[in-house]
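Visitor:
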Amino acid sequence: MSTYSSDPALRVTDATGNGVEVDVATNLLDGTVRLSVLWTQEVYLHPDDAERVARSLLRAAEHGRHIAEARSSGTDQSTSHSN
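Numbering (the working numbering) for the sequence shown: 1 to 83.
Below is the structure:
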């Protein structure tokens with residue numbers, strides 16, 4: 001089982017059509033956020049896709065904060081993920 005939960009609402013690929021994908025995921029154990037560019041080191045995004053990535057990062061940051069707060073208070077909130 002992975003400790004990271006990817007944003008299922010994010011479906012963004014490279015504007016050049018080469019199949020590069022962007023992934024935003026939250027670590028369910030400590031709340032850190034991972035931004036991955038799959039299959040290459042860079043990605044070119046259309047403006048609408050760039051906005052989708054930004055919104056996904058904001059969702060992941062909020063989810064990560066809840067996980068970190070729950071962890072520091074001793075409760076487990078890792079499965080309560082809202083998009």
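Note that the Cβ used here is the ideal one computed from N, Cα and C, for glycine as well. Owing to the predicted nature of the structure, the values given are computational and were not obtained by experimental measurement.
Who are the near neighbours of Ala68 in its chain, counting only those whose CB is closer than 6 Å to its CB and skipping five residues on each side?
Guide: The residues are Gly31.
Visitor: Considering only DSSP beta bridges, list what Thr40 is partnered with.
Guide: Looking at the DSSP assignment, Thr40 forms no beta bridge with any residue, so it has no partner.
Visitor: For Arg52, does the count of other Cβ atoms within 10 angstroms reach 16, so buried, or fall short, so exposed?
Guide: So Arg52 counts as buried.
Visitor: Under a three-way DSSP split, which group does Val20 fall into?
Guide: In the structure shown, Val20 sits in coil (DSSP, three-state: anything other than H, G, I, E or B).
Visitor: List the endpoints of the continuous alpha helix (DSSP H) containing Ser56.
Guide: From DSSP, the alpha helix (DSSP H) with Ser56 extends over 47-73.
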